[in-house]
Amino acid sequence: MTGSDSDFPLFAPDGSQGDELLFGGEPSPAAEKAIATATDNEQGYLVLVVDDDEYVHQLTNMVLKGFAFENRKIRLASVYSGAEGKQYLRNHPDVAVVLLDVVMEADDAGLQVVNFIRSELRNNEVRILIRTGQPGAAPEESVFQDYDINDYLSKTDITAHKLRMTILNALRSYRDIQNAAKLQRKILLAEQESKAAEEASKAKSQFLAHMSHEIRTPLNGIIGVADLLNGTPLSDEQNNYVRTIRNSGEALLSIINDILDFSKIEAGKLELEKTAFSLPLLCETIQGIFIAPLRNKGLDFTIQMGQEVPNYIASDPLRIKQILINLIGNAIKFTSEGGISLRVNALTQPDGQISLTLQVSDTGIGIPAEQQHKLFAAFSQVDASTTRKYGGTGLGLQISLKLAELMGGGINLQSEEGKGACFTVTLLVSPGEAPSDQEQTSKIISLKSPAEVRVLVAEDNPTNQMVVKAMLKKLGYDSVIVNNGAEAIERAGTEAFDVVLMDCQMPVLDGFAATRKLRNELGLTQTPIIALTAGATLEEQQMCFNAGMSDFLSKPITIEALQKGLAKWH
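According to the numbering used here, the sequence shown is numbered sequentially starting from -4.
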């Protein structure tokens, strides 16, 4: 029940209507009794009476006896001077209302208490009611403004009813201020928690990006050297060793990519591209990726493309490819005989969008119904033995589901133990147009042969220097290796180069600053500068382009990727 006229009696304790003047005579026995029986409810609002007149305290206690606001009885505290009032207020920050006399031990003692509350205690919540006994001596308007007083009562004409109504309004005001203050504190706390969470997420992203860079750098050496070895005369035994090295490096790279993708999805920072591409060609490319594992296990693989599927759609081909690789890779992993099929269907929506269905089925071990809910949980597999027998992080399906949801769809599962599994992916894509002949030609034709192209390589890691130089030599390019961005600027200032391969994180001068200097100070505005970096996020790619780089190659780099990357720019 909120404070209202029904919250407290409108009659004085002696049974009168409460309209008689309070301070017109001597203390009565009833007043003495009221002081003795005043409530001491610790949960009630605290009202402090500061007055040097004992009679005022007695009558105030009598009138406010049993007074309640919002079902909470008030607690009265009495002090007899401004100095005592200050001390009490310092020790009791929960005072809601102060009934304050002006003239006590000094003519302005009450005003000094007001100043103490507002200025020294910095308490703007407590309601201050000035109560003076001098007829016609109401405080000037300037006093109200200067001292932040909330109301004024004259002892010469105050009644019990008027006192209670004034206290009621003061408590309402105090309650509203308290609620507003609590709300403000909640908002501030929520903002602080949100900021802390944002900073933690940012720190996590920076840590993962840094760890990715640190792991990708040696991986570039492992996979790169394996590629180079594979191009030399080797015995069958040596070929097996090299293949094992490369496969292990690629498995580690896949885990790193999964962790980075999961982190970006979790932080809401994964961005999708939208480009036109051939879906049938993408599916054929994926089939090529799995030729070796399919052959090794003696499994069949079929692709069925529905008649409604357009040759070209507009979406994110890399993410669709990632989803299919995850699902088909799992299907091969958990299938020992029979085969895997990929069915693709499409349905054009009234708004022109295309609802795409990708269905991956296998004849593998299947998934028990009671275990299926675990599949799409992060870092989770059907049981611990799955990880031991088949490997994996348990992130692939979680990432695939999130990617499908980002593309306006989802993933459903139908499976019985021992009878295989069927994963159905739905995506919302747009119609796409085939690239023109001119665009296709521009991507294929190189104006110069590799022998005519000089490449400047800025790379601080000795292993990566060796790998890149060997790859360039094998591809027929002439190259110069420097250790940092400062050396790259020095060599580019005295020699002509057709292409620059620029690592981003280097001592002395990093790749971003070096690129800006090459563009702005040396005037190499037309020379292709290709980022050669362990960074793998879209933010890092954008940083490269913002610095003035022309293209982006992410480590670990294969000889095929390097060849394609260079062929685009000469």
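Glycine included, each C-beta is placed from N, C-alpha and C at the ideal position.
Could you give the first and the last residue of the continuous beta strand (DSSP E) run that contains N407? G405 to S410
Using three-state DSSP, classify G334 as helix, strand or coil. strand
Local Cβ density within 10 Å of E535, reported as buried at 16 or more and exposed below that: buried
Would you mind working out which of D143, L178 and Q366 sits nearest Q409, comparing C-alpha positions? Q366
Starting from the C-beta of T553, find all residues in its chain whose C-beta is less than 8 Å away, skip the five residues before and the five after it, and write them out in chain order. I218, G219 and D222
Mind the definition here: the stretch 348 to 361 touches the stretch 307 to 320 only if three or more C-beta pairs lie below 8 Å; say whether that holds. yes
Checking 7 Å against the spacing of the C-beta atoms, do A562 and F547 come in under that value? no
Would you decide whether I394 is buried or exposed? Buried here means 16 or more other CB atoms lie within 10 Å of its CB. buried
Return the residue from the list L229, S549, Q558 and L557 that minimises the CA-CA distance to H208. S549
Measure from the alpha carbon of E173 to the alpha carbon of each residue in F540, N215, V90 and M57, then state which is nearest. In the sequence under discussion, the amino acid at residue 173 is Gln, which differs from the Glu named in the question. Out of F540, N215, V90 and M57, V90 has the C-alpha closest to the C-alpha of Q173.
Counting only the same chain and skipping the five closest in sequence on each side, list residues whose C-beta sits under 7 Å from that of R514. T520 and G543
Rounded to whole angstroms, what is the Cα-Cα separation between Q179 and I144? 23 Å
Considering P426, what are the terminal residues of the beta strand (DSSP E) in which it resides? A416 to P426
N-terminal and C-terminal residue of the alpha helix (DSSP H) that T55 is part of: E49 to V58
On a CA-only basis, which of L265, N459 and L148 is nearest M497? Give me that one, please. N459
Would you tell me roughly how many angstroms separate the C-alpha atoms of V121 and H205, rounded to the nearest one? 53 Å
Classify P502: buried if its beta carbon has 16 or more other beta carbons within 10 angstroms, exposed otherwise. exposed
State buried or exposed for R126, treating a residue as buried only when at least 16 other CB atoms are found within 10 Å of its CB. buried
Label R211 either buried or exposed according to how many other C-beta atoms from any shown protein chain fall within 10 Å of its C-beta, with 16 as the threshold for buried. buried
For H52, count neighbouring C-beta atoms within 10 Å of its own C-beta (all shown protein chains included) and say buried if the count is 16 or more, exposed if not. buried
Evaluate E485 with the Cβ neighbour count: other Cβ atoms within 10 Å of its Cβ, from every protein chain shown; 16 or more gives buried, anything less gives exposed. exposed
Test item: CB-CB of A416 and I362 under 7 Å: yes
Determine the DSSP secondary structure at T510, reduced to helix, strand or coil. helix
Taking one C-beta from the stretch 53 to 64 and one from the stretch 106 to 116 each time, how about it: are there three or more such pairs within less than 8 Å? no
Starting from Y147 and walking both ways along the beta strand (DSSP E), at which residues does that stretch end? D146 to S149
Would a C-beta distance cut-off of 7 Å place A487 and L517 closer than the cut-off? yes
Under 7 Å between the Cβ atoms of Y472 and V450? yes
Would you kindly work out how many angstroms separate the C-alpha atoms of M466 and I251, rounded to a whole number? 24 Å
Are the CB atoms of G283 and V339 within a distance shorter than 7 Å? no
L319 to C278 span [Cα, whole Å]: 9 Å
Could you check the C-alpha separation between W564 and S444 for me, to the nearest Å? 11 Å
Check this for me: beta carbons of S73 and V44, under 7 Å apart or not? yes
Under the DSSP definition of a beta bridge, which residues are partnered with M300? V339
Measure the C-alpha to C-alpha separation of G560 and F296 and round it to an integer number of angstroms. 31 Å
Could you pull out every residue in the same chain whose Cβ sits closer than 6 Å to the Cβ of K397, ignoring the five residues on either side in sequence? I260
Output needed for Q38: all residues of its chain with C-beta closer than 8 Å, excluding positions within five of it in sequence on either side, in chain order. R67
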